[in-house]
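Count along the sequence shown from 1, then add 9; that gives the number in the numbering used here.
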Amino acid sequence: MAFFENVHCTGCSACYSICPENCIKMVADEEGFLYPKIVEKEKCLDCKLCSECCPLIKEIDRKKDGYPKTYAAMNKNEDIRKKSSSGGIFYLLAEEIIFQNGIVFGAKFSSEFSVIHGSENTIKGIAEFYGSKYVQSTVGETFRECKENLDGGKIVLYSGTPCQIEGLKAFLQCEYENLYCVDIICMSVPSPKLWEKYINWQNLCYESTTQKISFRYKNPNWKQKSMRIEFNNGLVYLDRLSKDPYGRIFGSEIGSRYSCYDCRFRTINRSSDITIADFWGIGNILPEMDDDKGTSLIMVNTSKGENLFEKMNSKCKTMSVKIEDGIKFNQRAIKNKKYNLKELKKKREKLFKYLDVLPFDILVKKCVDDPIVIKGIKFIRRCFTKIKRIIKNMGTSLNKR
């Protein structure tokens with residue numbers, strides 16, 4: 010068995026799903042991330058299916074001639090768009106599959122508000138998949154369930170992060186014409202343990218239990234995204250995601266999975282049929298598509314994806330854009346962020362060291378906030394950058410005259 014080291018493993022669950030003897034389990038490490046582990050070695054047949062289906066090893070042909078085709082899009086149904094993180098396009102794709110008597114897989118909340126992958130086959134059911142969920146979902150048995158439905162002739166839509174889609178494709182080991190895959194442009198996935206600690210802290214603060222959560226509540230609009238939590242005692246928590254303790258950890262990326270720092274699946278050519286994201290910078294590219302209620306970036310990666318997208322075209326407003334414009338303000342589509350690895354490692358170690366000790370808000374202040382000296386240096390750098398930009402713009406204006 011030749012698994013990659015933990016630093017590369019994405020936890021996609023392909024190896025767990027394909028094991029014919031069920032001797033692999035997905036086990037949480039001390040940070041709360043799931044990794045494959047052989048728990049019943051005596052059952053292992055040494056068939057090597059687990060390592061052969063690992064998407065980090067298996068070669069998957071992603072390049073498709075003439076693709077991707079890129080669009081700005083928004084759902085014409087304002088109610089659906091309001092409930093969605095961006096333009097409400099995933100709902101339309103899922104709706105089309107349901108109309109064809111198919112089944113949809115996606116990330117949703119469990120009854121305890123952990124994030125899991127599940128399946129739905131009704132219009133009412135796909136509401137479970139609304140909105141972004143900034144935590145790594147547990148795939149569970151959904152790869153196997155997906156295969157059973159595909160083999161039974163069902164049309165299937167499976168949505169997930171790029172590494173989850175690559176894992177599913179590697180697990181299936183062949184192409185299915187009745188399978189549609191949708192992935193997202195993903196920044197990184199924080200630890201499920203972090204999320205659990207945050208929810209428990211919020212429940213303690215509000216002396217109640219969680220009833221409903223929105224990671225990307227549009228308050229008052231799309232760009233000013235907020236964390237919103239409704240509690241069973243009638244109280245509501247609402248704060249800008251940039252100020253919310255969990256949102257700050259997510260933004261800093263110090264609690265993300267190691268593989269996210271060097272993601273192997275940030276690429277223009279993807280295994281999915283359709284890629285969905287927020288169309289950041291839409292006001293600079295297509296001002297007429299920017300009403301600040303949410304606009305989706307759609308990358309159609311295959312002819313199959315194009316056929317599906319065209320079927321719901323009448324229900325959304327779309328405009329074609331160049332791929333370069335589509336990813337101009339969404340660089341995570343194609344490349345990893347450049348990190349200060351020394352600083353990142355130091356903060357990360359501190360975060361998980363104190364996770365079980367400190368209240369969540371104190372934990373964030375201790376681990377995310379920079380010391381005063383560092384804050385001063387960063388402020389001075391921002392000022393110099395701003396001054397340089399102003400001088401450059403002044404020079405450009407004088408040259409035009």
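For every residue, glycine included, the Cβ atom is placed at its ideal position computed from N, Cα and C.
{"Check": "Less than 9 Å separating the beta-carbons of residue 42 and residue 171?", "Outcome": "no"}
{"Check": "Compare the C-beta of residue 277 with all C-beta atoms of chain C and state if any pair is closer than 9 Å.", "Outcome": "No chain C is present in this structure, which holds just one protein chain."}
{"Check": "Which residue comes first and which comes last in the alpha helix (DSSP H) that contains residue 64?", "Outcome": "From DSSP, residue 64 is part of no alpha helix (DSSP H); its letter is neither H nor E."}
{"Check": "Give the C-beta separation of residue 228 and residue 235 to the nearest angstrom, bearing in mind that I take them to be a contact with Cβ-Cβ under 8 Å.", "Outcome": "4 Å"}
{"Check": "Tell me, please, which residues DSSP counts as bridged to residue 166.", "Outcome": "113 and 189"}
{"Check": "Using CA atoms only, rank isn't needed, just tell me which of 272, 233, 240 and 39 is closest to residue 217.", "Outcome": "240"}
{"Check": "Who are the near neighbours of residue 373 in its chain, counting only those whose CB is closer than 7 Å to its CB and skipping five residues on each side?", "Outcome": "254, 257 and 258"}
{"Check": "Figure out for me which residue from 95, 260, 368 and 279 has the closest Cα to the Cα of residue 288.", "Outcome": "95"}
{"Check": "Could you round the C-beta distance between residue 281 and residue 190 to whole angstroms and report it? I think they count as a contact, below 8 Å.", "Outcome": "4 Å"}
{"Check": "Going by Cα to Cα distance, which pick from 215, 26, 303 and 264 is closest to residue 179?", "Outcome": "26"}
{"Check": "Would residue 111 pass as a contact of residue 130 if the rule is Cβ separation under 9 Å?", "Outcome": "yes"}
{"Check": "My guess is that residue 40 and residue 200 are in contact by the Cβ rule of under 8 Å, so how many angstroms apart are they, rounded?", "Outcome": "5 Å"}
{"Check": "Given 8 Å as the limit, is there contact between the segment 28 to 37 and the segment 181 to 189, that is, 3 or more CB pairs closer than that?", "Outcome": "no"}
{"Check": "Run through the DSSP bridge pairs and tell me what residue 48 is partnered with.", "Outcome": "Answer is none; residue 48 lacks a bridge partner."}
{"Check": "Please give the ranges of any alpha helix (DSSP H) in the segment 202 to 265, keeping only runs that are unbroken, at least 4 residues long and fully inside the region.", "Outcome": "254 to 261"}
{"Check": "Can you give me the C-alpha to C-alpha distance between residue 345 and residue 141, rounded to a whole angstrom?", "Outcome": "20 Å"}
{"Check": "Alpha carbon to alpha carbon, how far is residue 59 from residue 291? Give it in angstroms, no decimals.", "Outcome": "42 Å"}
{"Check": "In the DSSP assignment, find the unbroken beta strand (DSSP E) run with residue 24 in it and report its ends.", "Outcome": "Premise fails: residue 24 lies in the alpha helix (DSSP H), 23 to 27, not in any beta strand (DSSP E)."}
{"Check": "Does the Cβ of residue 117 have 16 or more other Cβ atoms within 10 Å, making it buried, or fewer, making it exposed?", "Outcome": "buried"}
{"Check": "Whole angstroms are fine: how far does the CA of residue 123 sit from the CA of residue 134?", "Outcome": "18 Å"}
{"Check": "Starting from the C-beta of residue 230, find all residues in its chain whose C-beta is less than 8 Å away, skip the five residues before and the five after it, and write them out in chain order.", "Outcome": "301 and 302"}
{"Check": "Using the C-alpha atoms, what's the distance from residue 226 back to residue 92?", "Outcome": "8 Å"}
{"Check": "Taking DSSP's pairing of strands, which residues face residue 128 in a bridge?", "Outcome": "114"}
{"Check": "Only counting runs of 3 or more residues, tell me where the beta strand (DSSP E) segments fall wholly within the segment 257 to 338, in order along the chain.", "Outcome": "283 to 287, 305 to 309 and 325 to 330"}
{"Check": "Go through its chain and collect everything with a Cβ distance to residue 399's Cβ below 7 Å, but skip five positions before and after it.", "Outcome": "none"}
{"Check": "Which same chain residues end up closer than 6 Å to residue 79 when comparing Cβ atoms and leaving out the 5 residues on each side of it in sequence?", "Outcome": "308, 330, 332 and 335"}
{"Check": "Sorted by chain position, which residues of the same chain lie with C-beta nearer than 6 Å to residue 158's C-beta, five sequence neighbours on each side aside?", "Outcome": "112 and 165"}
{"Check": "What is the DSSP secondary structure of residue 199, counted as helix, strand or coil?", "Outcome": "strand"}
{"Check": "Note down, in chain order, each residue of its chain lying with its Cβ closer than 6 Å to the Cβ of residue 202, except the 5 sequence neighbours on either side.", "Outcome": "41"}
{"Check": "If you check the beta carbons only, do residue 132 and residue 104 fall under 9 Å apart?", "Outcome": "yes"}
{"Check": "Kindly give me the distance between the Cβ atoms of residue 98 and residue 84, rounded to whole angstroms, as I take these residues to be in contact under 8 Å.", "Outcome": "6 Å"}
{"Check": "Go to residue 135, then tell me how far its alpha helix (DSSP H) extends in each direction, as first and last residue.", "Outcome": "Careful: residue 135 lies outside any alpha helix (DSSP H) and carries neither H nor E."}
{"Check": "Given this structure, state the Cα-to-Cα distance separating residue 276 from residue 342, to the nearest angstrom.", "Outcome": "6 Å"}
{"Check": "Over the uninterrupted alpha helix (DSSP H) stretch that includes residue 19, give me the two end residues.", "Outcome": "No alpha helix (DSSP H) contains residue 19, which DSSP labels as neither H nor E."}
{"Check": "So for residue 148, helix, strand or coil by DSSP?", "Outcome": "coil"}
{"Check": "Report the rounded CA-to-CA distance for residue 296 versus residue 138, giving the unit in angstroms.", "Outcome": "29 Å"}
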